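Structure, as structure tokens:
Numbering (this note's numbering), first residue to last: 22 to 1071.
Structure follows, in structure tokens:
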């Protein structure tokens, strides 16, 4: 049915035109296109050349063809217009030197097989680097390239992910749109009429899959000119079928603006001068306002590499530009994605507005702006920060907490960071007299006074003994000098009966003093006053929701007769400048027990990799003589006065200032006894008796905080502390990780549950934590879920101990979203390539390992054990298939392990080879010297798998024992000495890929001493010795041996 075919294809497009003979579609038909508008001659010529269009192309082919013609016509117009403009000779000469603006002959990319081959080659390079790749649109024409990486692979702490409103299972996705067809980097940097900005457009977002739908991807580029509209459109988009939703990041506007304005210039600097990313950024900001020729490009600062921690994944450290110097070998999508990942992970290190490196002297878990007043102004006025309304609705107690801490700090005049540069206007301090009519709510002022509708004024009575204030908005000046006022907001002492305004004389001052011009003490006083005028958080919440349960929310800025613009700006600054992640907890399962009378907040601060550095310190110290491998961490309290917590939240715990004498040395002071630490919370004594409000805390606070104290996890090595008897004095800040914040007393109307966790952290018996009720507290295991910890059950018979952290299977590539068939087809070498993928991929230049070369006759391959069960067999079949899929998909030198399927006689015994170790490791050097290309492992699975862990041992070569200077977590009998492979550390959720990765990391670990080959013998390990040594090591460490271990010796 031809008309059906036509309507089906027409459904994909909408264009003004005439289709005279649809009955012959799609075999014999013609297209006619016209325009109703007065259009330029070049556009008309382009359209005329297609009337009528001979042949019988389908609708989408016709639209693609006419689109290309219009693109070329438009670009031609822009070129001719640009050439017609008058310009200075010097300016033109300077532009000729810049590849962004050159106007020499430059051929557009060819829309044919050659461009497809280049695209295929580049995408294969991106995939080999560890990213997911996909394409949307016409690969031979206008195409969108999707590069993505699962966020969970980036090593970012759970607290940081929560603070950034992303999930580890989501994909950070970079969309690159090539409207004129795919163009390689070598052509983008060439000289021609098209600038790189016209050849490629970029957009970053978050997606549930590795690529969004085509319509959703296109929408990002259409709406990037109106980001406010984009946010609403994207969030309300309904996707058809199974097309995944694509949404914006919290830092999307900043990151996308950076890609649009600075990225290509940074890339140019790197290509021309060989700078690092950090150096190119420094060079760019140094070059602003100066001629680049006046700068010394040989400055070592421009070549300094990025500062990465040891725990940073290799995917983030990779730098394609540093490895390949020739432009023809460089892949633009890979460079762009590496840059995006770098800025995403390091977002807290850069200003959200000017993109420069920030130097706060402390680490933050949330991104913010630098100290430049203009950046703060744009951050606040352009809505780049978090939504105050959203924070109040989602976390009202947290909002109350932050306002209260800021109020106390300003009241005590210890506040040293202020909202400068945002045009804040506060009361002048210059009083004028007026007459007030309480019935009409108006004042009569002097005719010379200058008041406007929307101005705010502060009223005080003429009584010399009263310090009460009323703050009002000017609502009407039609009958000037009679000025209509809003209902006054009263500031008064909570302990006295509030006075009432009466008709008569009063004094007033206008909000027209520039906040930035005030002294630090006056700034503190102004912030106290402005915060005191705010409504309670519950009142603001009711106003935002309009008192109803519908989804129509109001902005606080519309409450103009109750919240002054100055107070609202201070509130936004309080919320936006909060760097840590704070979450209120009311679930007994995740609350600390023994803390009645206190509200509990989960609390995390520091850089996104702060948690990784803490875990690294835990692992490093626990294996030393001063550490405790069974109880690697302890918990301790830290108390401080309320006015200090505003800075503690933003700067973290440190010991830069001496407050209480430090009789026990320099460091952070903590105690395992709540009563000791709460004594340091102190009483609040404010030095400003002239302030209008004398409350010790924010007057509208529902929490009415009198005390705040944190519970921190600390590396359990008291012998390395500065002091460890009366209190703990810890000098290493990376050894301390805040976990909980407690504030009290509890509000009388607050519904607070008492902590009663069922799975609790097993504390060191010698270092138990005493709580507010005078007894030991129980800490939920969820508070320490980033490292190995012992777990016990509360209120139930104690069973076997489990590992606190279940392996997050979403981080394993075996569980990632499958690549779609159209993307797999594009990645194949050619259309003639066999549809079956290669069994494995080898880059012989990067590894000396050759699969399939293992001497099979020397191995003892066993038949299925007698204890084989249906459950275990099914689970092992599934795990084997998943593991082989990963092996089939990834390059061998990156994977580092290999399983020969032909050696798997039964699923209960796997032979695995570990290879391609870091060449700098002593083990790798020993292997190379001995001409051994892999370490052969045997994995045997017990009858209760996956509830019981597998038994992992080395067959050959022998590893030097620990007593003789070896390492790598290998016992004398060849079994792996890892808690993961015991009942204490095993989780049924562990994939075998993650097990092999952990084994490889253990062998690569150089602490306390690296693994080395045993050169004294060539004999293989035996399974009997491996099992006996495994049992011995488990008993020494207090690990629980699997009950079915002996059965693997069949």
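Built from N, CA and C at the ideal position, the CB exists for glycine as well.
It should be emphasised that the depicted structure is a prediction, and the values quoted were computed from it without experimental measurement.
Are the beta-carbon atoms belonging to residue 666 and residue 729 less than 7 Å from one another? Taking the chain shown and counting its residues from 1, the one referred to as residue 666 is at position 645. Taking the chain shown and counting its residues from 1, the one referred to as residue 729 is at position 708. In contact: residue 666 and residue 729 (Cβ atoms closer than 7 Å).
Would residue 144 pass as a contact of residue 165 if the rule is Cβ separation under 7 Å? The count along the chain shown starts at 1 and reaches residue 144 at position 123. The count along the chain shown starts at 1 and reaches residue 165 at position 144. For residue 144 and residue 165, no; Cβs fall outside 7 Å.
Counted within 10 angstroms of its Cβ, other Cβ atoms place residue 898 as buried (16 or more) or exposed: Translated into positions along the chain shown, residue 898 becomes position 877. Counting Cβ neighbours within 10 Å, residue 898 comes out exposed, since fewer than 16 surround it.
So what does DSSP say about residue 1051, is it helix, strand or coil? As a working note, residue 1051 is residue 1030 in the chain shown. Looking at residue 1051 - three-state DSSP - the assignment turns out to be helix.
Assign residue 208 to one of two classes, buried (16 or more other C-beta atoms within 10 Å of its C-beta) or exposed (fewer than that). Along the chain shown, read from residue 1 onward, the residue named residue 208 stands at position 187. Buried.
Report buried or exposed for residue 501, applying the criterion of at least 16 other Cβ atoms within 10 angstroms of its Cβ. For the purposes of this step, residue 501 is taken as residue 480 along the chain shown, with counting starting at 1. So residue 501 counts as exposed.
From the DSSP secondary-structure annotation, give me the bridge partner or partners of residue 1058. As a position in the chain shown, residue 1058 is number 1037, starting the count at 1. According to DSSP, residue 1058 bridges with nothing at all.
Ignoring anything shorter than 3 residues, give me the beta strand (DSSP E) runs that lie fully in the region 895–945, in order along the chain. 918–920, 930–935
Buried or exposed for residue 489, going by 16 or more other Cβ atoms inside 10 Å? The residue you call residue 489 lines up with position 468 of the chain shown. When all chains shown are included, residue 489 counts as buried.
With a 10 Å radius around its C-beta and 16 neighbouring C-beta atoms as the bar for buried, classify residue 1066 as buried or exposed. Counted from its first residue, the chain shown places residue 1066 at position 1045. With a 10 Å radius around the Cβ and a threshold of 16 neighbouring Cβ atoms, residue 1066 comes out buried.
Nearest neighbour of residue 343, chosen from 159, 622, 324 [CA to CA]: Translated into positions along the chain shown, residue 343 becomes position 322. Closest by alpha carbon: 324.
Pairwise C-alpha distance: residue 781 and residue 173: By 1-based counting over the chain shown, the position of residue 173 is 152. By 1-based counting over the chain shown, the position of residue 781 is 760. For residue 173 and residue 781, the distance between alpha carbons rounds to 25 Å.
Contact check, residue 231 vs residue 169, beta carbons under 7 Å: As a first step, residue 231 is located in the chain shown; it is residue number 210 there, counting from the start. As a first step, residue 169 is located in the chain shown; it is residue number 148 there, counting from the start. One thing to note: residue 231 has its Cβ within 7 Å of the Cβ of residue 169.
Residue 871 versus residue 892: straight-line alpha-carbon distance, rounded: Here residue 871 corresponds to residue number 850 of the chain shown, with the count starting at 1. Here residue 892 corresponds to residue number 871 of the chain shown, with the count starting at 1. Distance between the alpha carbons of residue 871 and residue 892 is about 35 Å.
With a threshold of 8 Å, are at least 3 pairs of Cβ atoms found where one atom belongs to the region 531–539 and the other to the region 436–448? yes
Among residues of its own chain, excluding the 5 on either side of residue 804, which ones have a beta-carbon nearer than 6 Å to its beta-carbon? Position 783 of the chain shown holds residue 804. Contacts found: 760.
If I'm right that residue 299 touches residue 327 with Cβ under 8 Å, what's the distance once you round it to whole angstroms? As a first step, residue 299 is located in the chain shown; it is residue number 278 there, counting from the start. As a first step, residue 327 is located in the chain shown; it is residue number 306 there, counting from the start. About 5 Å separates the two Cβ atoms, so the contact holds.
Taking the beta carbon of residue 677 as the centre, do at least 16 other beta carbons fall within 10 Å, making it buried, or is it exposed? The sequence position of residue 677 within the chain shown is 656, counting from 1. Counting Cβ neighbours within 10 Å, residue 677 comes out exposed, since fewer than 16 surround it.
Just list the beta strand (DSSP E) runs in the region 530–591, keeping only unbroken ones of 3 residues or longer that don't cross its boundaries, in chain order. none
Strand pairing of residue 655, partner residues [DSSP]: Stepping through the chain shown from its first residue, residue 655 is reached at position 634. Residue 655 is bridged to 735.
Less than 6 Å between the CB of residue 282 and some heavy atom of the ligand GTP, yes or no? Annotation note on the ligand GTP: not contained in the displayed structure, which lists no ligands.
Classify residue 322: buried if its beta carbon has 16 or more other beta carbons within 10 angstroms, exposed otherwise. Taking the chain shown and counting its residues from 1, one reaches residue 322 at position 301. The residue in question, residue 322, is exposed, as its Cβ has fewer than 16 Cβ neighbours within 10 Å.
Go ahead and pull the three-state DSSP assignment for residue 1035. Here residue 1035 is taken as the residue at index 1014 of the chain shown, counted from 1. Here residue 1035 sits in coil by DSSP.
When the Cα atoms are used, what is the spatial distance from residue 802 to residue 611? Residue mapping note: residue 802 aligns to position 781 of the chain shown, counting from 1. Residue mapping note: residue 611 aligns to position 590 of the chain shown, counting from 1. Between the alpha carbons of residue 802 and residue 611 lies a distance of about 8 Å.
Does the separation of the CB atoms of residue 390 and residue 368 fall below 7 Å? On the chain shown, position 369 is the one that residue 390 refers to. On the chain shown, position 347 is the one that residue 368 refers to. No. Outside cutoff.
Cα-Cα separation, residue 304 to residue 147: Locating residue 304 in the chain shown gives position 283, counting from the first residue. Locating residue 147 in the chain shown gives position 126, counting from the first residue. C-alpha separation (whole angstroms): 28 Å.
Residue 1055 and residue 1003: beta carbons closer than 7 Å? Along the chain shown, one-based indexing puts residue 1055 at 1034. Along the chain shown, one-based indexing puts residue 1003 at 982. In contact: residue 1055 and residue 1003 (Cβ atoms closer than 7 Å).
Do three or more CB pairs link the region 1028–1036 to the region 966–985 at distances below 8 Å? Of all C-beta pairs linking the region 1028–1036 to the region 966–985, three or more are shorter than 8 Å, placing the two stretches in contact.
Based on the DSSP secondary-structure assignment, which residues constitute the bridge partners of residue 300? The residue labelled residue 300 in the question sits at position 279 within the chain shown. DSSP lists no partner for residue 300.
Going by C-alpha to C-alpha distance, which of 914, 757, 747 sits closest to residue 692? Numbered from its first residue, the chain shown carries residue 692 at position 671. The shortest Cα separation from residue 692 among 914, 757, 747 belongs to 747.
Would you tell me roughly how many angstroms separate the C-alpha atoms of residue 242 and residue 224, rounded to the nearest one? Walking along the chain shown from the start, residue 242 turns up at place 221. Walking along the chain shown from the start, residue 224 turns up at place 203. Computed Cα separation, rounded: 7 Å.
What's the call for residue 994, buried or exposed, on a 16-neighbour Cβ count within 10 Å? Against the chain shown, residue 994 aligns to sequence position 973. The residue in question, residue 994, is buried, as its Cβ has 16 or more Cβ neighbours within 10 Å.
Could you tell me the alpha carbon to alpha carbon distance between residue 91 and residue 199, rounded to whole angstroms? One-based indexing of the chain shown puts residue 91 at position 70. One-based indexing of the chain shown puts residue 199 at position 178. Cα to Cα, the separation comes out at about 15 Å.
So, for residue 591: in the same chain, excluding its five sequence neighbours on each side, which residues have a beta-carbon less than 7 Å away from its beta-carbon? Taking the chain shown and counting its residues from 1, the one referred to as residue 591 is at position 570. So the list reads 440, 548, 551, 552, once near-sequence residues are dropped.
Use the C-beta contact count for residue 733: other C-beta atoms within 10 angstroms, 16 or more gives buried, fewer gives exposed. Here the question's residue 733 lines up with position 712 in the chain shown. Buried is the call here.
Using DSSP with H/G/I as helix, E/B as strand and the rest coil, what is residue 105? Residue mapping note: residue 105 aligns to position 84 of the chain shown, counting from 1. Low local confidence applies: a pLDDT of 36 at residue 105 is under 50, so the model's placement there is unreliable, with the coordinate-based value given in what follows. Looking at residue 105 - three-state DSSP - the assignment turns out to be helix.
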